[in-house]
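Comments concern the structure below.
Structure representation (structure tokens):
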């Protein structure tokens, strides 16, 4: 299994500012995934982050709004830029298991934008 | 495009009752994987089960059981003798084929079913 640590666990931010969320995994993983869970909604994949290459974004998500870094095989960051109240969500980092049999999830970052 | 439908938004039961959570999926892939995750109030997603499209055997794990029926594109989840600790949001998910093997890559989630188990 993989242990994923996400920071911060929650934050309240002002409109127009940016927040960087960190995701640390206790083992090396090829792919890391960032999901968003809007209030009362399901999880939506934002992007897939591979080490050494640019992240792959899903439809509706762009790099300027959600820049992602993946400097090594155990760490990634997601930045939510120029925030608006619509960005208020839980953001979750996830990684695939050793045999790609499932995804492990961090405990998420609860973001509220005022 | 892949889609997962969980028609039950919220279910309330009394402890010790059995409860079934429905999941219907759509995919054009012949190889795919289905998952159930539990999200307790703490927020962390807990993996419950993974099933590949070629294995239609039902599975039982303690009080949990899963019924996979390819003919109806359903993957339902039953909790027997429910307990208060089962209260959570349960998500059904479908993986995209290709890339990594095993299906443990990006997932398409249903909207979740909020289960409330009361004393």
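Residue numbers (the numbering used here), protein chains in the order written: chain Z, 136 to 249; chain B, 1232 to 1350.
Every residue gets a Cβ at the ideal spot worked out from N, C-alpha and C, and that includes glycine.
Note that the structure is predicted; figures quoted are calculated from it, not measured.
Residue burial is scored here from C-beta neighbours: residue 1350/B has fewer than 16 other C-beta atoms within 10 angstroms and is therefore classed as exposed. Within the model, the alpha-carbon separation for residue 1297/B versus residue 199/Z is close to 42 Å.
In this structure, DSSP gives residue 177/Z a state outside helix and strand, which the three-state scheme calls coil.
Relative to residue 1264/B, the option among 183/Z, 212/Z, 249/Z and 237/Z whose CA is nearest is 237/Z. Proximity of chain Z to residue 1275/B at the Cβ level (cut-off 8 Å) is accounted for by 240, 241, 242 and 243, in chain order. Under the Cβ criterion of 8 Å, residue 1342/B is counted among the residues facing chain Z. Across the set 1323/B, 1234/B, 1319/B and 1310/B, the C-alpha of 1323/B shows the shortest separation from the C-alpha of residue 1282/B. Around the beta carbon of residue 142/Z, fewer than 16 other beta carbons lie within 10 angstroms, which makes this residue exposed.
Contact check for residue 231/Z against residue 203/Z fails: the beta carbons are separated by 8 Å or more. Annotation for residue 188/Z: no beta strand (DSSP E) segment contains it, and DSSP assigns it neither H nor E. One Cα belongs to residue 146/Z, the other to residue 1302/B, and the distance between them is close to 45 Å. In this structure residue 1321/B is in contact with residue 1346/B, their Cβ atoms being roughly 6 Å apart against a cut-off of 8 Å.
Taking the Cα positions, residue 1287/B is about 11 Å away from residue 1305/B. Contact holds between the stretch 215–227 of chain Z and the stretch 149–159 of chain Z, because three or more Cβ pairs, one in each stretch, are under 8 Å apart.
With a 10 Å radius around the Cβ and a threshold of 16 neighbouring Cβ atoms, residue 1291/B comes out exposed. Measuring C-alpha to C-alpha distances from residue 1272/B to each of 1327/B, 1315/B and 1325/B identifies 1315/B as the nearest.
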